[in-house]
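Undergrad: Going by the numbering used here, the first residue of the sequence shown is number 3, and it counts up by one from there. In this text, a Cβ means the ideal position worked out from N, Cα and C, and glycines have one as well. From a predicted model like this one, the values you see are computed outputs, not experimental measurements.
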Amino acid sequence: KIEAGFFTVFNRQENILENYDHYEERKLSDMHRYFAAEDIRQQMALANNEVIYRVYKKTAPLIAGELEQAVTVINPGQVNGEFFMTKGHYHINEKCSEVFFTLKGEGLLLLQKGQETKWLEMKPDVITYIPAGWGHRTINTSLSEPFVFIAFWPANAGHNYQKSLDEPFGRRVFFYNGSYIVSKVL
Ligand code: PAN
Ligand code: ZN
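1. Would you give the residue range spanned by the beta strand (DSSP E) that L69 belongs to?
2. Any heavy atom of the ligand PAN within a distance shorter than 6 Å of the CB on V57?
3. Since F149 and I76 are thought to touch, with beta carbons under 8 Å apart, how far apart are those beta carbons, to the nearest angstrom?
4. For R14, which of helix, strand or coil comes out of DSSP?
5. Hey, A38 and R139: beta-carbon distance below 7 Å or not?
6. Suppose you measure from the CA of A47 to the CA of A6; what does that come to, to the nearest Å?
7. Please confirm whether H24 and H91 have their CB atoms less than 7 Å apart.
8. Which runs of the beta strand (DSSP E), 3 residues or longer, sit entirely within the segment 28-69?
What follows is the structure, encoded as structure tokens:
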């Protein structure tokens with residue numbers, strides 16, 4: 003039973019959403035097909051299969067008109083120089099957009115539609131908008147800090163992860179010269 007009217011609290015010391023219903027955790031082993039590195043198994047062994055990101059959710063009814071929300075915490079780190087990132091997805095319902103509000107750290111929002119790729123910088127207080135129909139992935143470009151944002155999207159959106167494997171994002175983000183570089187995928 004979902005409460006009618008509720009609040010959540012982001013705990014910025016612990017980087018968790020208090021009173022979440024559940025969280026999803028993505029480790030390197032869950033994501034081996036999403037990173038560019040070919041020697042991913044070796045990397046997994048080296049990196050101890052660390053947690054790349056967590057998504058904390060407080061659920062709403064999954065019907066049109068309702069909004070879902072989640073806090074994503076992407077840990078700092080790289081896989082063969084490629085910054086830790088989310089899998090990235092498209093909404094199954096192509097009419098559904100989304101808003102991200104950045105809480106902590108720094109990162110990028112990568113957007114993809116057909117052959118078109120865009121990216122936006124995210125840092126605290128920056129609010130980014132994902133238009134309906136665009137694939138979206140977030141990347142932690144900090145070398146030391148978690149990247150944390152809250153997302154709001156229509157509860158009838160649905161998530162398609164296969165499409166971001168079948169039609170990969172046109173850019174990848176690597177560590178370069180003490181910072182990051184957005185490199186074109188050939
Ligand atoms: C976000 C994402 C979250 C994790 O809440 O689901 O950042 O990214 P992946 O879903 O790509 O693993 C969102 O876009 N919801 O629609
Ligand atoms: Zn989404």
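TA: The answer reads as follows:
1. L69 to I76
2. yes
3. 5 Å
4. coil
5. no
6. 45 Å
7. no
8. 53-60
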